[in-house]
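Note that my numbering has the sequence shown beginning at 6, numbered continuously upward. In this text, a Cβ means the ideal position worked out from N, Cα and C, and glycines have one as well.
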Amino acid sequence: MQSNITSIETVSFYGLHKGPRLIVTGSVHGNEPAGPLAIARLVEEFRSGKRQLLRGQVTFVPVVNALARHNNTRIGDRNLNRNLAESAIPQDNEDRVANVLCPLFRGADVLIDLHSFNSQGHAFALIGPHDNDDDLEPFKHAKEEEKLVKSFGLPMVAYGWLPAHEKALEMKRQAGVTEDLASLHGVGTTEYMRFSGGYAITVECGQHLDPQGPQVGYDCVVNGMMTLGMIEGTQPKVPAPRTLEICDPILSQHPDDRLVKHFTAGEAVKAGEIIGKRADGSDIIMPYDGAIIFASLSADLHEELCFLCKESDRLED
6 MQSNITSIET
16 VSFYGLHKGP
26 RLIVTGSVHG
36 NEPAGPLAIA
46 RLVEEFRSGK
56 RQLLRGQVTF
66 VPVVNALARH
76 NNTRIGDRNL
86 NRNLAESAIP
96 QDNEDRVANV
106 LCPLFRGADV
116 LIDLHSFNSQ
126 GHAFALIGPH
136 DNDDDLEPFK
146 HAKEEEKLVK
156 SFGLPMVAYG
166 WLPAHEKALE
176 MKRQAGVTED
186 LASLHGVGTT
196 EYMRFSGGYA
206 ITVECGQHLD
216 PQGPQVGYDC
226 VVNGMMTLGM
236 IEGTQPKVPA
246 PRTLEICDPI
256 LSQHPDDRLV
266 KHFTAGEAVK
276 AGEIIGKRAD
286 GSDIIMPYDG
296 AIIFASLSAD
306 LHEELCFLCK
316 ESDRLED
């Protein structure tokens with residue numbers, strides 16, 4: 006179902022003192038309601054004077070992908086959180102959205118992107134790499150990003166998406182796949198923000214219809230703004246989150262390949278455990294102690310069934 010969507014709403018507040026430029030986004034995927042609901046609550050609080058912006062600038066984009074939101078679908082024409090870049094000759098809804106969104110990101114210092122997920126599981130966040138000068142994802146704000154995500158109080162944080170995605174691309178090349186093999190395919194909102202010189206965190210607020218999801222998103226933004234010195238408040242002392250490094254993809258070698266169950270995000274798995282079955286009857290075995298993330302019960306040929314993670318001490322105090 007199409008709709009005559011012709012604009013994107015943004016709401017900005019400017020402090021009278023210099024400070025960070027924060028952008029908060031919701032509904033990059035249209036069937037994820039937590040972000041828009043959390044942002045609507047925050048906008049109302051700033052408009053009513055219940056909250057005061059002490060310094061800096063905050064821009065709220067409650068519904069990034071209005072077409073997908075209107076249709077209550079993950080995408081409009083394609084996944085906005087892949088191949089995110091401006092287009093001189095836009096071909097679809099997501100190209101047109103990106104042409105508005107990317108300049109907004111370049112005009113900010115920090116991004117908090119609110120999402121939710123389809124499977125069951127606890128809320129978690131995704132951050133970028135350690136500081137590095139590599140070609141894949143050069144970065145120089147790891148400490149700032151780590152401090153910000155620790156303030157959210159979430160139980161789990163994962164990192165390593167782009168390197169793991171590169172491994173998946175190489176496996177696809179070796180399998181004879183010829184399309185969608187550019188590194189840009191792995192670039193979404195947070196990756197674009199880092200390439201633009203800022204830093205960014207994806208917050209997965211829980212299952213799409215979890216009634217606590219909007220509260221999770223709201224709390225993360227409030228705690229983040231306090232950490233950035235943008236609003237008043239005293240943050241509660243929170244323990245360091247469990248941290249996972251996303252390491253290895255598991256690809257489908259046949260459309261009938263399956264995982265043995267619906268794994269929740271970050272579900273712990275021991276080395277030697279059977280996590281899936283190939284169409285030929287062979288087992289998919291966990292090669293090391295760790296966890297599973299981004300799992301699908303099945304996948305199209307040469308697509309990802311899941312990613313394997315290792316426990317990390319990156320965010321330990």
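For K282, no alpha helix (DSSP H) run applies; the uninterrupted beta strand (DSSP E) run containing it begins and ends at 279-282, by DSSP. When the alpha-carbon of G222 is set against those of Y197, L159, G181, the nearest one is in L159.
L119 and F157 have their C-alpha atoms spaced approximately 12 Å apart.
The three-state secondary structure of S188, taken from DSSP, is helix.
L256 places its beta carbon 7 Å or farther from that of H213.
In the structure shown, L249 falls within a strand segment according to DSSP collapsed to helix, strand and coil. Within the same chain, Cβ atoms closer than 7 Å to the Cβ of P260 are found at D305, L306, the five residues on either side in sequence being excluded. Residue burial annotation: K155 is buried, with at least 16 other C-beta atoms found within 10 angstroms of its C-beta. With the rule of 3 Cβ pairs closer than 8 Å, the region 200-212 counts as touching the region 122-137. Going by DSSP, I44 is part of the alpha helix (DSSP H) stretching over 39-53. When R79, F110, K152 are compared, the shortest CA-CA separation from N123 is found for R79. Restricted to the region 106-145, the beta strand (DSSP E) segments that are unbroken, complete and at least 3 residues in length are 115-122, 129-132, listed in chain order. When DSSP states are grouped into helix, strand and coil, R87 belongs to the coil group.
Beta-bridge analysis with DSSP links V63 to F18, L27. M161: member of the beta strand (DSSP E) spanning 161-164, first to last residue.
If you draw a straight line from the Cα of L58 to the Cα of M231, it is about 10 Å long. Q240 has its alpha-carbon roughly 31 Å from the corresponding atom of F299. Straight-line spacing of the CA atoms in N104 and P95 works out to 8 Å. In summary, Y164 is buried, with 16 or more beta-carbon neighbours lying within 10 Å of its beta-carbon over all protein chains present. For L72, the enclosing alpha helix (DSSP H) has its first and last residue at 71-76. Contact between the region 54-68 and the region 135-145 is absent, with fewer than three C-beta pairs closer than 8 Å.
Check the Cα spacing between I251 and each of E237, K172, G218: the tightest is with K172. Here the region 264-274 makes no contact with the region 178-192; the two share fewer than three CB pairs at distances below 8 Å. Spatial neighbours of V48 in its own chain (CB-CB distance under 8 Å, excluding positions within 5 residues in sequence) are listed in chain order as V16, F65, P67. V227 sits buried, since 16 or more C-beta atoms from the chains shown fall within 10 Å of its C-beta.
At a Cβ-Cβ threshold of 7 Å, N86 and G218 do not count as neighbours.
Judged by DSSP secondary structure, Q220 falls outside any beta strand (DSSP E) and instead within the alpha helix (DSSP H) spanning 218-232.
Remark: C-beta atoms of D294 and A276 approach each other more closely than 7 Å. Excluding five sequence positions before and after K23, the CB atoms of its chain that fall closer than 8 Å to its own CB belong to R60, G61, given in chain order.
Pairing G35 with A93 gives a Cβ-Cβ distance that is not under 7 Å. Across the set G191, N76, L310, the C-alpha of L310 shows the shortest separation from the C-alpha of T269.
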